[in-house]
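*Asks:* The structure under discussion is supplied below as structure tokens; questions concerning it will follow.
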Amino acid sequence: GNSVTQMEGPVTLSEEAFLTINCTYTATGYPSLFWYVQYPGEGLQLLLKATKADDKGSNKGFEATYRKETTSFHLEKGSVQVSDSAVYFCALSQGRSGGSNYKLTFGKGTLLTVNP
Amino acid sequence: SAVISQKPSRDICQRGTSLTIQCQVDSQVTMMFWYRQQPGQSLTLIATANQGSEATYESGFVIDKFPISRPNLTFSTLTVSNMSPEDSSIYLCSVGFSGGTEAFFGQGTRLTVV
């Protein structure tokens, strides 16, 4: 079955440091890949997505590239801010249409803390 | 996008009792789902809530333990029945729109069973 493995946390960085959170996946076919973020006390929000190989998703300074050859979707940001402190989830969906688009397989989540 | 309201946001319950969690969306959605996030674990899909018919459960989840209703396109409930401490988790409602490519999530319900 499908699975997502992401870097165990917690990750603690100083403001303006470079961030990488690794994510690899196992799936048949061509899944869509997502990064979700959960700020303290809030629900999950979609951060970025990529639906085919070599696509780069980007949002709020975060980027991730869909690498089919390495089955990876690593999250990066060049300069983190205190406001980026949150839990980050890597996820995949198997379908490209219909309801299976929305059925997600998640990684365990990585807690990021950014200190001033 | 969608605004998803879950109630309650948190609860502490006695073992052997049941809790019903509500999910209300501010617009009609095609798909509604329920997830569980156990402490220190990733989110796991419990079931797809089907409007007007029985929910579709994932492996390891059964209707007797997690009955789900979806009477219309904007509302669903998940009941956690005969609770035990192992049911202590965050339960999240998720929705998707026809033709869309991303799922939206509620804030979750943090359940503690004592």
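If you read the sequences in order, they're chains X and W. Throughout the first sequence, residue numbering follows the numbering used here, covering 728 to 843 in sequence. Throughout the second sequence, residue numbering follows the numbering used here, covering -11 to 102 in sequence. A virtual CB, placed ideally from N, CA and C, is assigned to each residue, including glycine.
Among all the DSSP beta bridges, which residues are the ones paired with residue 804 of chain X?
*Replies:* DSSP, once it has assigned bridges, lists X:746 and X:789 as partnering residue 804 of chain X.
*Asks:* Taking 9 Å as the threshold (beta carbon to beta carbon), is residue 19 of chain W in contact with chain X?
*Replies:* Interface residue, yes.
*Asks:* Counting C-beta neighbours from all protein chains within 10 Å, is the total for residue 2 of chain W 16 or more, i.e. buried, or is it exposed?
*Replies:* Label assigned to residue 2 of chain W: exposed.
*Asks:* Please report the residue range of the beta strand (DSSP E) in which residue 19 of chain W lies.
*Replies:* Per DSSP, residue 19 of chain W belongs to the beta strand (DSSP E) from 19 to 25.
*Asks:* Where does the unbroken beta strand (DSSP E) through residue 65 of chain W begin, and where does it stop?
*Replies:* Start and end: 63 to 68.
*Asks:* Just reading off the beta strand (DSSP E) that residue 832 of chain X is part of, what are its end residues?
*Replies:* First-last of the beta strand (DSSP E) with residue 832 of chain X: 831 to 833.
*Asks:* Using a Cβ cut-off of 8 Å, pull out every chain W residue sitting near residue 803 of chain X, in sequence order please.
*Replies:* Correct list: empty, because the minimum Cβ distance to chain W is about 20 Å.
*Asks:* Relative to the C-alpha of residue 26 of chain W, which residue among W:45, W:12, W:74 and W:86 is closest?
*Replies:* Taking only the C-alpha atoms, the option nearest residue 26 of chain W is W:74.
*Asks:* Can you tell me whether residue -4 of chain W is helix, strand or coil according to DSSP?
*Replies:* Here residue -4 of chain W sits in coil by DSSP.
*Asks:* Does the segment 70 to 90 of chain W come within contact of the segment 14 to 29 of chain W, defined as at least 3 CB pairs closer than 8 Å?
*Replies:* The segment 70 to 90 of chain W, when compared against the segment 14 to 29 of chain W, does touch it at the 8 Å Cβ threshold.
*Asks:* What are the partner residues of residue 7 of chain W, as DSSP defines its beta bridges?
*Replies:* In DSSP, residue 7 of chain W forms a bridge with W:68.
*Asks:* Using only alpha-carbon positions, find the residue among W:14, W:24, W:65 and W:49 that is nearest to residue 38 of chain W.
*Replies:* Here the closest residue by C-alpha is W:65.
*Asks:* Is DSSP giving residue 50 of chain W helix, strand or coil here?
*Replies:* The answer is coil: DSSP assigns residue 50 of chain W none of H, G, I, E or B.
*Asks:* Between the beta-carbon of residue 68 of chain W and the beta-carbon of residue 9 of chain W, is there less than 9 Å?
*Replies:* Contact: yes.
*Asks:* Report buried or exposed for residue 766 of chain X, applying the criterion of at least 16 other Cβ atoms within 10 angstroms of its Cβ.
*Replies:* Exposed: under 16 other Cβ atoms inside 10 Å.
*Asks:* Excluding sequence positions up to five away, which residues of its chain have a Cβ less than 6 Å from the Cβ of residue 777 of chain X?
*Replies:* Answer for residue 777 of chain X: 760, 784 and 793, listed in chain order.
*Asks:* Would you please verify whether the beta carbon of residue 29 of chain W is less than 9 Å from any beta carbon of chain X?
*Replies:* Yes - at least one Cβ of chain X is within 9 Å of the one on residue 29 of chain W.
*Asks:* Look up residue 819 of chain X in the DSSP assignment and give the residues it is bridged to.
*Replies:* Answer by DSSP bridge pairing, in chain order: X:760 and X:832.
*Asks:* Ordered along the chain, which non-local residues of its own chain (more than five positions away) have a Cβ less than 8 Å from that of residue 92 of chain W?
*Replies:* -11, -10, -8, 82, 83 and 84, listed in sequence order.
*Asks:* Using CA atoms only, rank isn't needed, just tell me which of W:94, W:63, W:33 and W:56 is closest to residue 831 of chain X.
*Replies:* Per the Cα distances, W:33.
*Asks:* Could you spell out where the beta strand (DSSP E) holding residue 844 of chain X opens and where it closes?
*Replies:* Here chain X comprises residues numbered 728 to 843, so residue 844 of chain X is not present and cannot be evaluated.
*Asks:* So residue 773 of chain X contacts chain W; which residues on that side make the cut at Cβ distance below 7 Å?
*Replies:* Per Cβ cutoff of 7 Å: 90.
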